[in-house]
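A.B. asks: Provided herewith is a single structure, encoded as structure tokens, for subsequent inquiry.
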Amino acid sequence: MNHSKKTAPECPFQKHFPSQLIRDDLFFMSLAYNEALNAWNANEVPIGAVIAHEGQVIGTGHNQVESSNDPTAHAEMIAITQAANSIDDWRLNDATLYVTKEPCPMCSGASIMSRIGRVVFAIPDPKMGGLGGAFNVNEYSGMNHTTNIEIGVMQEECLELIQTFFRIKRNVKANASTQLKAL
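Heads up, the sequence shown is in the numbering used here, so the first residue is -18 and it goes up one at a time.
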């Protein structure tokens, strides 16, 4: 079943346009939030990521799993690849990954393997998070790199976004099921 052909539910959220004057965590997380809205509008789980290095965006991504039929096409993976290509180095030592939800174990592993210096995420994921939620790849013994982690930047906005997306999806599915039963 190709989910990318389905129409995305209307997104009730607006993009953020942060001031370019202060490039802090809120600024970059606002850009990640905007990437999450791009995912929503593409009928993907609304997770967005931005990688910043020396105050500049060097990578962006949003989930593209459904549209690409690629289970690894997570926002973080796309942003990491783009960032490494941008600076022509897979080592992202001084970069910061901003992501709207705690990275899964795969994306957490990729952030460690790419040596990202810092990961900032809005909402923790106790079921599938890889940086302290269900797992913490940052604490595995034998790892040759660890990353600094910060949690909670734009937590309320990002939580509302993802909860609303899944609530709408569940309602659409329930309505479709009810209509089928009526036939």
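Think of the CB as a built atom: it goes at the ideal place given N, C-alpha and C, for glycine as much as any other residue. Since this is a predicted model, take the numbers as computed values, not measurements.
Please confirm whether Ala23 and Thr41 have their CB atoms less than 8 angstroms apart.
C.D. replies: The residue given as residue 23 occupies position 42 in the sequence shown. The residue given as residue 41 occupies position 60 in the sequence shown. Taking 8 angstroms as the Cβ cut-off, Ala23 and Thr41 do not qualify as a contacting pair.
A.B. asks: Please state whether the Cβ-Cβ distance between Ile104 and Gln63 is less than 8 angstroms.
C.D. replies: On the sequence shown, residue 104 is found 123 positions in, with the first residue counted as 1. On the sequence shown, residue 63 is found 82 positions in, with the first residue counted as 1. Contact: no.
A.B. asks: Taking 8 angstroms as the cut-off, does the region -8 to 0 touch the region 121 to 133 (at least 3 CB pairs, one atom from each stretch)?
C.D. replies: Judged by Cβ distances under 8 angstroms, the region 121 to 133 makes no contact with the region -8 to 0, as fewer than three pairs qualify.
A.B. asks: Sort out for me which residues DSSP pairs Glu131 with in a bridge.
C.D. replies: By 1-based counting over the sequence shown, the position of residue 131 is 150. Answer is Val101.
A.B. asks: Could you compute how far the alpha carbon of Asn(-17) sits from the alpha carbon of Ser48?
C.D. replies: In the sequence shown, counting from the first residue as 1, residue -17 sits at position 2. In the sequence shown, counting from the first residue as 1, residue 48 sits at position 67. Below a pLDDT of 50, predicted positions are generally treated as unreliable, and Asn(-17), at 49, falls in that range; the measurement from the model is reported next regardless. Going by the C-alpha atoms only, they are around 8 angstroms apart.
A.B. asks: Starting from Leu73, trace the beta strand (DSSP E) both ways and give me its first and last residue.
C.D. replies: Indexing the sequence shown from 1 puts residue 73 at position 92. Careful: Leu73 lies outside any beta strand (DSSP E) and carries neither H nor E.
A.B. asks: Is the beta carbon of Gly36 closer than 8 angstroms to that of Arg4?
C.D. replies: Your numbering for residue 4 matches position 23 in the sequence shown. Your numbering for residue 36 matches position 55 in the sequence shown. Cβ atoms of Arg4 and Gly36: closer than 8 angstroms.
A.B. asks: So what does His126 bridge to, in DSSP terms?
C.D. replies: The residue you call residue 126 lines up with position 145 of the sequence shown. His126 is not bridged to any residue.
A.B. asks: Could you check whether Pro27 and Ala20 sit closer than 8 angstroms to each other, using their CB atoms as the reference points?
C.D. replies: The residue given as residue 20 occupies position 39 in the sequence shown. The residue given as residue 27 occupies position 46 in the sequence shown. Result yes, Cβ atoms of Ala20 and Pro27 sit closer than 8 angstroms.
A.B. asks: Assign Asp5 to one of three DSSP states: helix, strand, or coil.
C.D. replies: Here the question's residue 5 lines up with position 24 in the sequence shown. In the structure shown, Asp5 sits in coil (DSSP, three-state: anything other than H, G, I, E or B).
A.B. asks: Is the Cβ of Tyr121 closer than 8 angstroms to any Cβ of chain C?
C.D. replies: The chain inventory of the structure shown lacks chain C, comprising one protein chain alone.
A.B. asks: Determine the DSSP secondary structure at Gln(-5), reduced to helix, strand or coil.
C.D. replies: As a position in the sequence shown, residue -5 is number 14, starting the count at 1. In the structure shown, Gln(-5) sits in coil (DSSP, three-state: anything other than H, G, I, E or B).
A.B. asks: Excluding the five sequence neighbours on either side, which residues of its own chain have a C-beta within less than 8 angstroms of the C-beta of Asp75, listed in chain order?
C.D. replies: In the sequence shown, counting from the first residue as 1, residue 75 sits at position 94. His34, Glu35 and Gly98, listed in sequence order.
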